[in-house]
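First up is the structure itself, then whatever we jot down about it.
Residue numbers (this note's numbering), protein chains in the order written: chain A, 1 to 251; chain B, 1 to 428.
What follows is the structure, given as structure tokens:
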């Protein structure tokens, strides 16, 4: 599904290297988690994959189902099936949540040569998805993320994911700022989307999200590289002992 | 103080080719307006309220030539709205192209025809609100209009109009110099919607005087443009009675020079006045909104919402004032002027003013100017919305607060689709 080879990335405006040779391969239906200390490059990896400005790829490649991701515009990546659930979802005053969702869905369908969804079909689809995430009609009507609580914003990200049905989902610290109940709600939303054709990359600081979204593979990222890969137990090890032991071990 | 010789000469040159129709109540009103104009002289660049907008094209003896505009495949404004159409071609009423005015269920008379009578309801309105609006800020081009207007309509509404009246302007001569003056009187408890659209002339000077009586409601929606070369100065003077409502929205697309003045006076308690504008300029575009709202009664509400989208060196100006007179307690005044600069060449000049002589009031104002939000743009694109569509969505979001001032959803949709069309044509 997603294959990253020797990815090197620096900030465009300064000489700061952030990723120093990331290798990662995620197969169809797999759930991978990336953990790592602050500043290790986890969020940068998610931004570079989704096409945010301000980063320069100096070496390496990233492909989504064989298609070269890094050469595509952000909207092309989305249409190709990539989705990033933002750590800090963006507020867009003046654009209604429904308008936003419908515009996004129809733009992707159009880009893929599919028919646009009618207003009625779209409404039905959103209502059904929103219900399971406990998103009420009011949240759908309000401007995108404006005045949403932290939990509402994250649920809104998952709603977008559910409606857009991407094949490769990246969750960037989706658990940050959530209380236990909200985290469970979000995790349930993610789990409902798990299937053999859809892969996930879950970026998190904490094991507790991985109690709800069970990963197949766990990676530890440090100083811009993946330094250790293992099974779900690796996350427990981090939770119990911190990163120090692992980092000492790989050095 | 006598007017400087240069100003006297400029005025003489400007009005040399104009005729002052005599006789009837209107002749008297025109003579008074000419006296006001003669005392003021024409505006110059050094006048306080013309510092950001060069009036030279507006005061020149002859209208600068303006190429005719081909709207291409764009539908005319308000196309799908059931309305009574009154057409003015280069500033002259065109009966053949117009609907039967009687269909609107209101009294409509042509200015020239009504003016000859000895007495007329419009006597209390024509030039009267304009004259009141000359203090404390002089508006000489409005006085010039009252004196020399060549055409216009007088509309009196006593009940609920059966449909909106739509003034449609057509520009067919490259050198036309139109001066139109309309009066609208919405009697107590009545309700009326006035629409205006289309390129009017190479140079256009317009005055609209509106009296909204106690408990009456007046809605005004206009779509200016999309002619690129026009020079226009328009004025709306309105006086609001107790518990009345006045709402005016203007879409301005293109135009080398457009100055829209709104002078609103809330004279009855509990009146509501909203004036809003959305303007879009690309390249040679100068757009000026000059607004003066006077609160002279208690518990009145006023809103000024002006949004401008500017690119390629376009210039936007906003001069907005709220004056709260002594005793106008519980006034709720709001003013916002914002510009979205789509590149670094464009310019927005804003002069918000508050002058308050009552102690129990709520007045707020804000003015901002900024670029499109790159983070929001990235967020939209990351969800699959293509760049141009994402930009258009954000521009429309920026304008939304102004468009929200249009109460009629069908008319708001019409305005929105025109904005979308403009953005599509002017995308990078």
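Don't be surprised by glycine CBs; every beta carbon is placed ideally from N, CA and C.
| Cβ shell of residue 91 of chain B (< 7 Å), same chain only, five flanking positions each side left out | Excluding sequence neighbours, residue 91 of chain B sits near 150, 151, 176, 178, 179, 180, 200, 201.
| said: Less than 8 Å between the C-beta atoms of residue 414 of chain B and residue 63 of chain B, yes or no? | reply: Not closer than 8 Å, so no.
| field | First and last residue of the uninterrupted alpha helix (DSSP H) at residue 15 of chain B | value | Boundaries of the alpha helix (DSSP H) harbouring residue 15 of chain B: 5–15, taken from the DSSP string.
| request: Pull out every residue of the stretch 41–56 of chain A whose Cβ sits closer than 8 Å to any Cβ of chain B, in chain order. | output: From the stretch 41–56 of chain A, only 50, 51, 52, 53 have a Cβ closer than 8 Å to chain B.
| request: Just the chain A side, please: which residues come within less than 9 Å of residue 310 of chain B by C-beta, in chain order? | output: Those do not exist, as residue 310 of chain B stays about 18 Å from chain A at its closest Cβ, beyond 9 Å.
| Where does residue 120 of chain B fall in DSSP's three states? | In this structure, residue 120 of chain B counts as coil in the three-state DSSP scheme.
| From residue 105 of chain A to residue 227 of chain A, what distance separates their C-alpha atoms? | Going by the C-alpha atoms only, they are around 37 Å apart.
| Per DSSP, the bridge partner or partners of residue 246 of chain B | Looking at the DSSP assignment, residue 246 of chain B forms a beta bridge with B/218, B/273.
| residue 62 of chain A versus residue 13 of chain A: straight-line alpha-carbon distance, rounded | Taking the straight line from one Cα to the other gives about 22 Å.
| said: Looking at chain B, is there any beta carbon in it that lies within less than 8 Å of the beta carbon of residue 92 of chain A? | reply: Yes, residue 92 of chain A lies at the interface with chain B (some Cβ there is under 8 Å from its Cβ).
| field | Complete runs of the alpha helix (DSSP H) confined to the stretch 5–80 of chain B [at least 4 residues] | value | Those alpha helix (DSSP H) runs which fall completely within the stretch 5–80 of chain B and span 4+ residues are 5–15, 24–40, 56–59.
| Coil, strand or helix - residue 197 of chain A by DSSP | In this structure, residue 197 of chain A counts as coil in the three-state DSSP scheme.
| said: Any beta carbon of chain A sitting closer than 8 Å to that of residue 385 of chain B? | reply: Using beta-carbon distances, residue 385 of chain B counts as an interface residue toward chain A, with a partner under 8 Å.
| If you draw a straight line from the C-alpha of residue 139 of chain A to the C-alpha of residue 227 of chain B, how long is it? | Taking the straight line joining both Cα atoms gives about 41 Å.
| said: What would DSSP say about residue 334 of chain B, mapped onto helix, strand or coil? | reply: Judged by DSSP in its simplified three-state form, residue 334 of chain B adopts strand.
| Is residue 241 of chain A helix, strand or coil when you go by DSSP? | Judged by DSSP in its simplified three-state form, residue 241 of chain A adopts helix.
| field | Residue closest to residue 26 of chain B, alpha-carbon to alpha-carbon, out of B/278, B/169, B/145, B/14 | value | Comparing Cα-Cα distances from residue 26 of chain B to each of B/278, B/169, B/145, B/14, the minimum goes to B/145.
| Integer Cβ distance of residue 156 of chain B from residue 261 of chain B, believed to fall under 8 Å | For a cut-off of 8 Å, the C-beta gap from residue 156 of chain B to residue 261 of chain B is around 24 Å, too long to register as a contact.
| query | Shortest alpha-carbon distance to residue 90 of chain A belongs to which of A/150, A/60, A/229? | reply | Between residue 90 of chain A and the set A/150, A/60, A/229, the nearest pair of CA atoms involves A/150.
| Which residue or residues does DSSP assign as beta-bridge partners of residue 434 of chain B? | Only positions 1 to 428 of chain B appear in the structure, and residue 434 of chain B is not among them; the question remains open.
| Which runs of the alpha helix (DSSP H) fall wholly inside the stretch 359–421 of chain B and span at least 4 residues, in chain order? | Scanning the stretch 359–421 of chain B from its first residue to its last, the whole alpha helix (DSSP H) runs of 4-plus residues come out as 374–382, 387–403.
| query | Mind checking if residue 164 of chain A is an interface residue toward chain B, Cβ cutoff 8 Å exclusive? | reply | At a cut-off of 8 Å between C-beta atoms, residue 164 of chain A counts as an interface residue with respect to chain B.
| Straight-line CA distance for residue 43 of chain B to residue 334 of chain B? | Cα to Cα, residue 43 of chain B sits roughly 29 Å from residue 334 of chain B.
| said: Let me see if you follow: with CB-CB separation under 8 Å, is residue 79 of chain A close to chain B or not? | reply: Closer than 8 Å: yes.
| task | Could you check which residue in A/45, A/11, A/77 has the C-alpha nearest to that of residue 381 of chain B? | result | Nearest to residue 381 of chain B by alpha-carbon distance, out of A/45, A/11, A/77, is A/77.
| field | Inter-residue Cα distance where the pair is residue 89 of chain B and residue 221 of chain B | value | Take the alpha-carbon of residue 89 of chain B and the one of residue 221 of chain B: they are about 20 Å apart.
| request: Starting from residue 389 of chain B, find everything on chain A with Cβ-Cβ shorter than 9 Å and list it in chain order. | output: The contacting residues are 75, 103, 107.
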